[in-house]
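Okay, so here's the structure we're looking at.
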Amino acid sequence: MIPPDHPRYRSLEVRERMAWFAREGVVSPEGLAAHGRGEAFDYLLGERSTESALLAARTAAALLLSARHPVISVNGNTAALAGREIRDLQKATRAVVEVNLFHRTPERLDKVTRLLEGHGVAVLEGEEERLIPVSHDRGWSHRDGAVAADVILVPLEDGDRAEALVTLGKKVIAIDLNPLSRTARAATLTIVDEVTRAIPAITRAAGNLSRGEGEKLISQLNNSYFLQAALDEMAARLTHALD
Ligand code: PTJ
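Reading the sequence shown from the start, the letters are residues 263 to 505 in our numbering.
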């Protein structure tokens, strides 16, 4: 039990929740390591959404709203951290939600799906095939899932599938706290922010974006700018950490 007056309460409470979801089999053991890596980068960002991340989230809203077939791809970590947030984003964008796991077992697919449904998310179910050209289990997709998307949101994605999705001609929106990851660099647009802050930021933007502003954001999209801005934020915090 974490005392609420602990200075690191929020971070420790989330960590405890992730450990619980790992024991329940929703989060993979590897997912806990991935979470720790994310925590470290979030520390460097100051555990807040930067201006550039908010602009990236606004651009993500524009891409999702302009899509013919938007898809949100959800893994174990994302479901454990942000089930309700995914429900709200699905409502705001009418996106298809598909569960896609790196450490894929029928049991985990079922657990992650039920968890999301418990939060009110409509999850794509039915037959899947190996439709995405990667050599691991992230290659599975429903015919109406990732393979059919023109715009796809991939929180905490691995680099191989991000690259494959871009090669298939999809606009790939990554949420990744590590601006140096292969995913962050391969994506069409990367939101360098923590997933529980980034998803509500996209939902809020989707609620107040005009068509004109959306078109302008999409035409100006430059992922290198967003990655460099995040690196600059981190570098500045490191430089002045002991001031
Ligand atoms: O549930 P599964 O089986 O699909 O597995 C999910 C994980 C996350 C284990 C799997 O996709 C994986 O191994 O991912 P990677 O390649 O470790 O990439 C995860 C990226 O997400 C890393 O760059 C982390 O820094 C970043 N990350 C971790 N936690 C967060 C995060 N980004 C945003 N918000 C977070 N909370």
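From the three backbone atoms N, C-alpha and C, an ideal C-beta is built for every residue, glycine too. What you are looking at is a predicted structure, and each value in this text was computed from that prediction instead of being measured.
Helix, strand or coil at residue i according to DSSP, with G and I counted as helix
i, result
"Lys353", "helix"
"Thr312", "coil"
"Ser443", "coil"
"Arg392", "strand"
"Ile435", "strand"
"Leu415", "strand"
"Leu451", "strand"
"Pro332", "strand"
Cut-off 7 Å between Cβ atoms - residues of its own chain near residue i, not counting five sequence neighbours on either side
i, result
"Gly407", "Val333, Val358, Glu360 and Leu386"
"Ala247", "The structure shown does not extend to residue 247, since the chain is modelled only from 263 to 505, so the question has no answer here."
Sequence-distant residues of the same chain with beta carbon closer than 8 Å to residue i, five excluded per side
i, result
"Ile414", "Pro332, Val333, Ile334, Ser335, Ala408, Leu427, Lys432, Lys433, Val434 and Ile435"
"Thr445", "Val416, Glu419, Asp420, Gly421, Ala424, Ala436, Asp438 and Thr452"
"Gly476", "Ala323, Ala324, Leu327 and Ser328"
"Ala281", "Leu294"
"Gly469", "Ala354"
"Gln286", "One point to set straight first is that residue 286 is Glu, not Gln, in the sequence displayed. These residues qualify, in order along the chain: Lys373."
Any non-hydrogen atom of ligand 1 closer than 7 Å to residue i Cβ
i, result
"Leu418", "yes"
"Ile348", "no"
"Glu309", "no"
"Thr392", "Per the sequence shown, residue 392 should be read as Arg rather than Thr. The answer is no for Arg392."
"Ala448", "no"
"Phe303", "yes"
"His398", "no"
"Ser443", "yes"
"Asn339", "yes"
"Asp422", "no"
Cβ-Cβ separation, residue j to residue i (assumed contact under 8 Å), whole Å
i, j, result
"Glu292", "His365", "6 Å"
"Ile348", "Val383", "5 Å"
"Asp350", "Thr465", "5 Å"
"Arg392", "Asn362", "Not a contact, Cβ separation roughly 12 Å."
"His381", "Glu390", "That pair is no contact at about 22 Å."
Close Cβ partners of residue i (< 6 Å) along its chain, the five nearest in sequence each way excluded
i, result
"Leu343", "Val457 and Thr458"
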